[in-house]
Structures are given as C-alpha cells and as structure tokens.
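Since the structure comes first, as structure tokens, the remarks are kept for the end.
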Amino acid sequence: MTGPAHQRPAARRGRDRRARILPAHPGARHGQGRPTAAVIGGGIAGLAAATALAERGVRVTLHEREPYLGGRAGGWPTRLRDGSTVTMSRGFHAFFRQYYNLRGLLRRTDPALARLHGLPDYPLLHADGLRDSFRHVPRTPPWSALGFAALSPSFRLRDLRLMNPVRALPLLDVRVPDVYRRLDDISAYDFLETIRFPERARHLAFEVFSRSFFADPRRLSAAEMALMFHIYFLGSAEGLLFDVPRSPYPAALWGPLAGYLRQHDAEVRTGSTVEQVTPARGGGFDVTADGEERHHDAAVLALDTAGLRSLVARSEQLGDPGWRERVARLRNAPPFLVTRLWLDRPVAPDRPGFLGTSGFGGLDNISVLNRWEDEAARWAARTGGSVVELHAYAVDPRARRTAEERRLVEQLHCVYPETRAAGVVDVRHEWREDCPLFEVGGYAERPTVRTSDPGLVVAGDGVRCELPVALMERAATTGFQAANVLLEGWGLRGQTLWTVPDRGRAAVLRQAAAWASR
Numbered sequence: 001m002t003g004p005a006h007q008r009p010a011a012r013r014g015r016d017r018r019a020r021i022l023p024a025h026p027g028a029r030h031g032q033g034r035p036t037a038a039v040i041g042g043g044i045a046g047l048a049a050a051t052a053l054a055e056r057g058v059r060v061t062l063h064e065r066e067p068y069l070g071g072r073a074g075g076w077p078t079r080l081r082d083g084s085t086v087t088m089s090r091g092f093h094a095f096f097r098q099y100y101n102l103r104g105l106l107r108r109t110d111p112a113l114a115r116l117h118g119l120p121d122y123p124l125l126h127a128d129g130l131r132d133s134f135r136h137v138p139r140t141p142p143w144s145a146l147g148f149a150a151l152s153p154s155f156r157l158r159d160l161r162l163m164n165p166v167r168a169l170p171l172l173d174v175r176v177p178d179v180y181r182r183l184d185d186i187s188a189y190d191f192l193e194t195i196r197f198p199e200r201a202r203h204l205a206f207e208v209f210s211r212s213f214f215a216d217p218r219r220l221s222a223a224e225m226a227l228m229f230h231i232y233f234l235g236s237a238e239g240l241l242f243d244v245p246r247s248p249y250p251a252a253l254w255g256p257l258a259g260y261l262r263q264h265d266a267e268v269r270t271g272s273t274v275e276q277v278t279p280a281r282g283g284g285f286d287v288t289a290d291g292e293e294r295h296h297d298a299a300v301l302a303l304d305t306a307g308l309r310s311l312v313a314r315s316e317q318l319g320d321p322g323w324r325e326r327v328a329r330l331r332n333a334p335p336f337l338v339t340r341l342w343l344d345r346p347v348a349p350d351r352p353g354f355l356g357t358s359g360f361g362g363l364d365n366i367s368v369l370n371r372w373e374d375e376a377a378r379w380a381a382r383t384g385g386s387v388v389e390l391h392a393y394a395v396d397p398r399a400r401r402t403a404e405e406r407r408l409v410e411q412l413h414c415v416y417p418e419t420r421a422a423g424v425v426d427v428r429h430e431w432r433e434d435c436p437l438f439e440v441g442g443y444a445e446r447p448t449v450r451t452s453d454p455g456l457v458v459a460g461d462g463v464r465c466e467l468p469v470a471l472m473e474r475a476a477t478t479g480f481q482a483a484n485v486l487l488e489g490w491g492l493r494g495q496t497l498w499t500v501p502d503r504g505r506a507a508v509l510r511q512a513a514a515w516a517s518r
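For reference, each letter of the sequence shown is one residue, going 1 to 518 in UniProt numbering.
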C-alpha cells in the first residue's frame, strides 16, 4: 500500500498482529466542482471528520461552540491566585494503544507520537487496602486474563471455584453488533451477578473501568461492559498500559491539528454556535451560525448528546420523523466532577502519576499531573508544590455540589495523607453532564453514522457503531466513518480504519461461547 504516512498500515498499527484493517473506499471521482461540508462540533469526532474530508480536497468549515477544540479532551487558559497562567481541562484521559484511529489522527502532526508519554503502570487501590497493577500482566490473551488472575490479590482460589463459567462464556467471543443482541437488555451489574464474579475483584477491577462510562453499573448495558473487556483485555494484545500527552491538550494535540486543517484550506471557527441546519430545496444544507447563513453540500453532526438533541430540535426539517424521535429520546449520563488542586508542597515521591481508586466515597482516580505534563511540572519546580487532579464519575444528580467537592478532597487526604498538611494555592472544580448514557436496552435507540439523507451524517462517542471501539476511539472512528460516507458519495478515496480483532482470539473459546449462546 502506498500513500501518506497516516494511510500506510505500518503507521497505524500497534503490536497486535491480529489487529483488523478496514480498507478505504478507493474512489472513482465523478461530478464537477469542489464539494463543501460543514462539520458541526470540534471534538475528536468532528476533528477526525474534518481532517479526512479536507485531505481529499473537500472545502470544510468546522464550527465549534467553545473557544477551544478537543471537546471533552479540550483545554483553556486560567489564571491562578499566584499570578500563574495555566491550562485547565475537563480532566485526565488515557490514550490506550488500542486507539488505532485516534492515534492515526494525531500522527497527522506527530508521526512518531512523540507528544505522548507512556505511564509505567496502571495501579488500582481499594479502600480495604487491596492493590492491583497491570504493569507485569502479560498483554496477549488469554495469558493476560490468566496472568491478572494469578497476580492479583483480588482473585482468590475459592472465589474462582464459585464462578459460573458457562455464563461468562459470552465475554470470550465478543462480536459487534451480536454482543448487543445478547447482552444489551441486562445491566453490567446483573450480568456479573449471574456469573458470580468475585466481589473483591469486581470492586477493584470492574468498577474502575465501568465508571469511565460515567454510569452506575446498574444502569450500564452489559454489552458495553463486555465490549470494554474485549477491547482492553480479552480481545487485544496491546495491553492495559496507556499514554498521556506530555503537554496540555491544546499545545500537544489540537493546536497543531488546527494548523494542519488550515494548511488543507479548512476554515476552523471556534466560539461559533450553529443555530440551525436546514435542507436546501436544490440539495445540500443551509447552515446558520453566528447570524450568517451559508450553503454546504453536506453536513456532519459531531455533537455531544445534549448538543445533538438541541440542534435537531431547532432544525425542524432535518431528518425523518423516526430519526428525530430517536435523537430526542437520547439521554446524558449522570454528572461528573473534576477537581484540580495546585498545592504548596509535593506529594510523596513514590506516588504514581495515575491511580485508579474504589471504595473512597466517590473518588474514582487521582492524577499527579506534574509527573508527566510539562506545564504542571514547570509550575511545581518553580513553586516547590504539586498539581493534583481528582475525578468523581456518576455523581448523584441530587447531591449538593459543594459537599461533593469537599468530600472529594477529604478522600484525597485519606489516600495520600501527606496532602492534609498542604496549603491550596488554588483550586478549580469542573462539573459537567454531557456524556452519553449507554443504558440497558439503549443500543437500538442510538443514531447511526448514516441518516435518511445521504448528505447528512452523525459522529461521536454516543453513535451506534458496528465496530469494536469505545470512548475516544469510538469518537475518532465514527468521525472517519462519517467522512467516508460523504467521500464515497463524491467518488473520492476514503480513510483506512483499524480496530482490535472483531472476535475472540481462540477458536476453542469461540466455539464454547457459540454453544453457550444457543
């Protein structure tokens, strides 16, 4: 295969030799003129769609409501009480090595991914003192699962003997969309109950992962949980260690990508709110933004759940009635809290850069940003302090926010007792409630990339996707898929995609899973 570095298989692939390649549509240009497209939403999905379109010569206008790009992985400047200007964000994100399409997007401006830094471990801590780690766990299934069970104090022999292995077999051969047919109508919590998954291991290993979907396990679809295990653990040989950006998101990721888009003649408009999208009588769409109406041949809706609902409600002629009703029924996950503290002294030197936690009153993880992020490291070196970030996912919507903020800091003091004596130079509390809810039985209700109008496509991490992807990788993948739908319609070459294997890795285990599903 020839072409730019981001298109060649070697440039997109990780260590897993069974990673799946989905070749791009070759293109056979027809028609006259240069197509135009409005991409609405400048998060990962919108940036992926805009990039693939602009690279093929489509004239792209990217609209982002916020003054920054990146969506939930974006960042903005803020001034601390000590006079420092720093970058605030909505919190830590793990860039797993399985995120082939997201990493391919980042390679546009960073071919060697030198702006990412690998953390040495993914440690987990439960309030009862149990600790787990993925550092020494083999990366290739089934040795990854066996190795984790053997090395983890959470798994005891008597617990394993009580498990129902037949009920657990669907985890060994996850295929999309079949996994939704089998498991979407049961909650993740109830599924683990049926297989009698060890309680200690459930709290330590499962909750840390499941809550990254911003939902209580009793409301989370078991299909999403099974897919998660496949992507990160049972189906991929990339392992569970991950990378983080060496600099704040705007500097490391989205600023360079915005420059790349402009080099490809795309118009990047931040702080730009799209009020309405109207199908034009002669084809295409009239997009009204910032009081100005422009005509485009196609439109990509790369919005979060609430933003998509709102725009579709305002755009009364967009889509067919059934699609509009499904969009209107979409729901957000519960609120989450990100607290970032600038402390006047360091945390203990043996504290990891990232720690997943469970059983600490809502605290889901702790990051010591100055362990890897250059801006935080410079602030800590200059002041002798540290920059610590706390996450609380799926907070009860009825909870008093000030009380939750206080409780989160108190839990930090329990986990890292040396922080009790630290003075707080400054603090930021970010409350958000805009993540998609992957609720039980909700798969069929989600919008797909395609709509009834061939010029209107949808992208984002809440979009129904028949590939084994999730979270940031689902956003990037559906963004590229949305671009591919439009490019194919214009006879232009599409974007090659990668995924983890689309089935269980061992034939004998696949056969056992097939037997169990009868």
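Glycine residues also receive a C-beta, built at the ideal position from the N, C-alpha and C atoms.
The Cβ-Cβ distance between Thr499 and Ala45 does not fall below 8 angstroms. Ser367 is positioned such that its CB atom lies closer than 8 angstroms to that of Gly353. Distance from the CA atom of Gly423 to the CA atom of Ser84, rounded to whole angstroms, is 16 angstroms. Straight-line spacing of the CA atoms in Leu390 and Pro35 works out to 45 angstroms.
Beta-carbon to beta-carbon, Thr87 and Pro248 are separated by about 4 angstroms, close enough to satisfy the 8 angstroms threshold. When secondary structure is reduced to three states using DSSP, Phe242 falls in the strand class.
Residue pairing by DSSP places Trp431 opposite Leu337 in a beta bridge.
Val440 counts as buried, since no fewer than 16 other beta carbons sit within 10 angstroms of its beta carbon. Scanning Arg269, Pro67, Cys414 and Ala298 for the CA closest to the CA of Trp490 turns up Ala298. Within a 10 Å sphere around the beta-carbon of Glu410 sit fewer than 16 other beta-carbons, which makes this residue exposed. The criterion of a C-beta distance shorter than 8 angstroms is satisfied by Gly319 and Val312. DSSP places His296 in the uninterrupted beta strand (DSSP E) bounded by Glu292 to His296. The residues Glu445, in chain order, have a CB closer than 7 angstroms to that of Arg329 in the same chain once the five nearest residues on each side in sequence are set aside. In this structure, the CA atom of Leu301 is about 44 angstroms from the CA atom of Arg382. Judged by beta-carbon spacing, Val179 lies within the 8 angstroms limit of Ala226, meaning their Cβ atoms are closer than that value. Of the residues assessed, His296 falls on the buried side of the cut-off, its CB having 16 or more other CB atoms within 10 angstroms. Spanning the alpha carbons of Leu241 and Val287 requires a straight line of approximately 42 angstroms. Measuring C-alpha to C-alpha distances from Gly271 to each of Ala399, Arg107 and Trp76 identifies Trp76 as the nearest. Taking C-alpha positions only, Phe229 is separated from Gly235 by approximately 8 angstroms. For Asn484, the enclosing alpha helix (DSSP H) has its first and last residue at Leu471 to Gly489. Under DSSP, the beta-bridge partners assigned to Trp76 are Met88. Taking Leu408 as the centre and dropping the five residues before and after it, the same chain places the C-beta of Leu337, Thr339, Gly362, Leu363, Leu390 and Ala392 closer than 7 angstroms to its C-beta, in chain order. Here the alpha carbons of Asp216 and Glu193 stand approximately 15 angstroms from one another.
Where Pro321 is concerned, the enclosing alpha helix (DSSP H) starts and stops at Pro321 to Ala328.
Comparing C-alpha distances from His413 to each of Ala348, Glu433, Arg428 and His25 shows the shortest one belongs to Ala348. In terms of Cα proximity to Ile40, the closest of Asp243, Leu261 and Arg269 is Arg269. Under the DSSP assignment, Asn101 falls in the alpha helix (DSSP H) whose first and last residues are Tyr100 to Leu106. The C-beta of Glu325 has fewer than 16 other C-beta atoms within 10 Å across all chains shown, which makes the residue exposed. Shown here for Gln276: same chain residues with a beta carbon closer than 7 angstroms to its own, the five before and five after excluded, namely Thr288, Arg314 and Ser315 in chain order. Pairing Ala482 with Ala54 gives a Cβ-Cβ distance that is not under 8 angstroms. The Cβ neighbour count for Ala333, taken over all protein chains shown within 10 Å, is at least 16; the residue is labelled buried. Burial state of Pro417 is exposed, judged by a 10 Å Cβ sphere holding fewer than 16 other Cβ atoms. Rounded to the nearest whole angstrom, the C-alpha separation of Ala377 and Asp350 is 16 angstroms.
In the same chain as Gly356, and ignoring 5 residues on each side of it, the C-beta atoms closer than 8 angstroms to its own belong to Tyr122, Pro123, Leu124, Leu125, Val208, Asp364 and Asn365, in chain order.
Residues Thr305 and Pro436 of the same chain have their beta carbon placed closer than 6 angstroms to that of Gly462, with the five preceding and five following residues left out of the count. Contact between Val388 and Leu343 holds: CB atoms are separated by about 6 angstroms, below the 8 angstroms threshold.
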